[in-house]
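This report concerns only the one structure given below.
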Amino acid sequence: MRIENESELEQVLSTPSPQDISAIEALDGDLLILGAGGKMGPSLAKRATRALAASQKKFQIKPQVIAVARFSQEHVKSDLDEAGVETITCDLLEPGALAELPDAPNVIFMAARKFGTTGAEYLTWAMNTFLPGLVAERYRHSRIVAFSTGNVYGLRPVVWGGATEDSPLAPEGEYAQSALGRERM
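Using the working numbering, the final residue of the sequence shown is 272, and nothing's skipped along the way.
In structure tokens:
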């Protein structure tokens with residue numbers, strides 16, 4: 088398949104596989120995606136919503152896919168709304184904000200800061216290390232999947248085939264160090 092433009096790419100990225108549909112059918116309640124307005128969140132939220140729509144399961148109460156983000160780009164929020172994703176605009180670092188969010192038995196944590204770290208290291212550490220601890224406390228009775236990064240392993244020659252979870256940790260720079268902090272939380 089040849090992808091000609093960004094719209095076609097998004098269509099491919101948000102198309103659920105049979106495994107996605109099986110996973111969504113196994114949920115016992117809503118799926119809350121924190122940080123859904125970033126690089127990967129919109130595609131994931133749409134994919135989960137499309138998997139739910141494709142499911143043949145007769146849910147007693149049909150789960151909702153809820154995308155939470157600052158949505159600093161309004162078109163991202165409106166695109167998700169249009170795709171049938173419930174959206175909540177929220178600055179997760181705002182005191183009391185997490186308490187206002189709905190309970191959910193299933194949480195995907197994608198909130199992070201990578202780009203723009205230089206000169207705002209404090210915000211990078213707050214987003215990548217402090218916030219995950221707050222989220223873990225708020226959703227302590229939920230199943231939480233936290234996205235991470237290969238940056239915690241440092242740079243590796245391509246011929247080595249990349250890092251594995253057994254590779255020694257070697258975070259380089261504020262982003263990678265704060266991402267390791269997230270994993271330690």
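Ideal Cβ positions, reconstructed from N, Cα and C, are used throughout, including at glycine.
Length of the line joining the Cα atoms of Leu118 and Lys144:
Their Cα atoms are separated by approximately 16 Å.
What first and last residue would you give for the beta strand (DSSP E) that runs through Val245?
No beta strand (DSSP E) holds Val245; DSSP gives it neither H nor E.
For the region 136-197, list the beta strand (DSSP E) runs that are entirely contained and at least 3 residues long, ordered along the chain.
Listed in chain order, the beta strand (DSSP E) elements of length 3 or more contained wholly in the region 136-197 are 152-156, 173-176, 193-196.
Bridge partner(s) assigned by DSSP for Ala132
Beta-bridge partners of Ala132 (DSSP): none assigned.
Which of helix, strand or coil does DSSP assign to Ile90?
Coil at Ile90, not helix or strand.
Output the distance between the C-alpha atoms of Val222 and Leu185, rounded to the nearest integer angstrom.
Rounded to the nearest angstrom, the two C-alpha atoms are 7 Å apart.
Near Ile153, which residues of its chain fall below 8 Å by C-beta distance, leaving aside the five closest residues on each side in sequence?
Answer for Ile153: Asp117, Leu118, Leu119, Ile120, Val172, Glu173, Thr174, Ile175, Pro189, Ala191, listed in chain order.
With a threshold of 16 other CB atoms inside 10 Å of the CB of Glu265, please say whether the residue is buried or exposed.
Going by the sequence as given, residue 265 is Ser instead of Glu. Flag for Ser265 reads buried.
Ile148, buried or exposed, once every other Cβ within 10 Å from all chains shown has been counted against 16
Ile148 sits exposed, since fewer than 16 C-beta atoms from the chains shown fall within 10 Å of its C-beta.
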